[in-house]
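Notes to accompany the following structure.
2 protein chains.
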Amino acid sequence: MAASNPHTGAREHVILERLADQGHRLTGPRQAIVGYVAPRTDTFSAQDVADQLHARGIHVGRATVFRTIDLLADLGFLHRIQNDDGYHRYTVCADEEHHHHARCVDCGAVLALHAPGLEREIDRIAQEADFQVLDHILELVGRCPLCRGSR
Amino acid sequence: MAASNPHTGAREHVILERLADQGHRLTGPRQAIVGYVAPRTDTFSAQDVADQLHARGIHVGRATVFRTIDLLADLGFLHRIQNDDGYHRYTVCADEEHHHHARCVDCGAVLALHAPGLEREIDRIAQEADFQVLDHILELVGRCPLCRGSR
DNA sequence: GAGTAAATGAGACTCACTCTCAGTATGCGC
DNA sequence: GCGCATACTGAGAGTGAGTCTCATTTACTC
Chain A
25 MAASNPHTGA REHVILERLA DQGHRLTGPR QAIVGYVAPR TDTFSAQDVA
75 DQLHARGIHV GRATVFRTID LLADLGFLHR IQNDDGYHRY TVCADEEHHH
125 HARCVDCGAV LALHAPGLER EIDRIAQEAD FQVLDHILEL VGRCPLCRGS
175 R
Chain B
25 MAASNPHTGA REHVILERLA DQGHRLTGPR QAIVGYVAPR TDTFSAQDVA
75 DQLHARGIHV GRATVFRTID LLADLGFLHR IQNDDGYHRY TVCADEEHHH
125 HARCVDCGAV LALHAPGLER EIDRIAQEAD FQVLDHILEL VGRCPLCRGS
175 R
């Protein structure tokens with residue numbers, strides 16, 4: 025299945041390599057979590073990861089799942105998204121450039137959007153309001169091309 | 025203090041009037057919560073409201089605070105914001121037009137921004153990605169003019 | 001003033017997430 | 001290959017925002 029995908033397989037490899045580069049140990053639980061997370065294109069919660077690993081017969085403690093996901097998010101491999109119910113969900117960030125996400129309400133897939141025009145517009149508005157922007161959050165919620173096609 | 029501000033006093037009155045118009049009862053707890061919330065220009069949590077009312081000697085149950093805030097948010101008087109830690113915070117929405125928020129990291133104040141150019145840009149990007157936008161979330165985080173001035 | 005239905009308060013409950021600490025396993029030097 | 005230091009892990013208790021239930025109260029209508 026997804027693990028055989030050459031793109032996501034490479035991504036898994038890249039993440040593990042970077043972890044090691046930065047002095048983090050390549051432990052079994054970390055490899056299992058990265059292996060599960062890397063191929064995913066939709067959003068997932070920490071609990072999903074714990075449950076799915078458990079279903080595959082891999083036992084990883086809850087605390088370890090939270091810690092590892094936090095680590096991956098801090099290193100920029102995962103993007104933290106606020107779910108409607110207030111809990112965290114995550115999505116894999118394939119590239120490191122600044123970008124935004126469009127989340128499909130039907131399938132949960134997350135598309136990465138590059139929008140330099142938007143950045144300029146945000147700067148303009150901020151300047152107009154005399155507001156110094158340190159960071160911004162933009163998320164689109166809607167329907168992806170695949171789900172629209174199947175309706 | 026803030027309650028004597030003619031603008032926020034008017035806002036409190038408007039909210040209560042609209043509640044009544046829509047068939048909701050004007051109970052003591054609701055009036056107390058609206059009275060506390062209406063003058064605020066920064067963000068606050070449900071717990072803040074409960075604590076502050078309690079500090080003023082007004083006893084309102086936690087469940088009632090959550091219910092009333094939810095009601096006010098559903099009616100559009102409050103805007104629900106996801107805090108970094110995943111918990112909900114709220115801010116008063118003075119006007120009903122679609123707008124975005126800029127939150128000051130120093131003082132917590134929330135400015136409302138109208139940005140029709142931004143909306144157009146979002147539509148353009150979505151069209152480019154063939155993504156049907158149902159909703160979008162944009163929040164700027166930074167420093168307001170007042171806090172920048174005092175540095 | 002009586003009736004009724006909405007609203008309230010108390011408190012138990014849920015659930016994501018954190019903390020602690022003893023035990024384990026990784027990676028490095030030899 | 002071996003031993004060591006220490007980063008990492010797992011178990012499980014703890015935390016705190018938010019929800020639910022249900023008996024009681026209170027605002028509005030007639």
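Keeping their order, the protein sequence lines are chains A and B.
Residue numbering for the first sequence is 25 to 175, as defined by this note's numbering.
Residue numbering for the second sequence is 25 to 175, as defined by this note's numbering.
Glycine included, each C-beta is placed from N, C-alpha and C at the ideal position.
On a predicted model such as this, the values are computed, not experimentally measured, just so you know.
Ranked by how close their Cα comes to the Cα of residue 148(A), the residues 129(B), 139(B) and 170(B) have 139(B) in first place. By the criterion of at least three beta-carbon pairs nearer than 8 Å, the segment 148 to 157 of chain A is not in contact with the segment 108 to 115 of chain A.
Around the CB of residue 46(B), fewer than 16 other CB atoms lie within 10 Å, so the residue is classed as exposed. DSSP places residue 128(A) within a strand segment (E or B) once states are collapsed to three.
Contact with chain B is found for residue 165(A), since one of that chain's Cβ atoms lies less than 7 Å from the residue's Cβ. Restricting attention to 155(A), 90(A), 62(A) and 105(A), the CA atom closest to the CA of residue 161(B) is found in 105(A). Residue 137(A) has its alpha-carbon roughly 13 Å from the corresponding atom of residue 128(A).
Burial check for residue 86(B): the Cβ neighbour count within 10 Å stays below 16, so the residue is exposed. In this structure, 52(B) is the residue among 103(B), 69(B), 52(B) and 102(B) with its C-alpha nearest to the C-alpha of residue 83(B). Following the DSSP letters along the chain, one finds residue 159(B) inside the beta strand (DSSP E) bounded by residues 156 to 167. The residue from 132(B), 49(B), 90(B) and 172(B) with its alpha-carbon nearest to that of residue 70(B) is 90(B). With a cutoff of 7 Å on beta-carbon distance, residue 134(B) and residue 67(B) are scored as near each other. Between residue 158(A) and residue 81(A), the alpha-carbon positions lie close to 44 Å from each other. Taking 7 Å as the CB threshold, residue 126(B) lines the interface with chain A. For residue 106(A), the enclosing beta strand (DSSP E) starts and ends at 102 to 106. Close CB contacts of residue 97(B) within its chain, under the 8 Å cut and outside five residues either way in sequence, are with 103, 104 and 114 (chain order). For residue 114(A), the beta-bridge partners assigned by DSSP are 68(A) and 104(A).
Contacts between residue 129(A) and chain B, judged by CB atoms closer than 8 Å, involve 158 in chain order. Residue state for residue 96(A) is assigned as helix, using DSSP reduced to three classes. Under the three-state reduction of DSSP, residue 58(A) is assigned to helix. In the DSSP assignment, residue 142(A) is bridged to no other residue.
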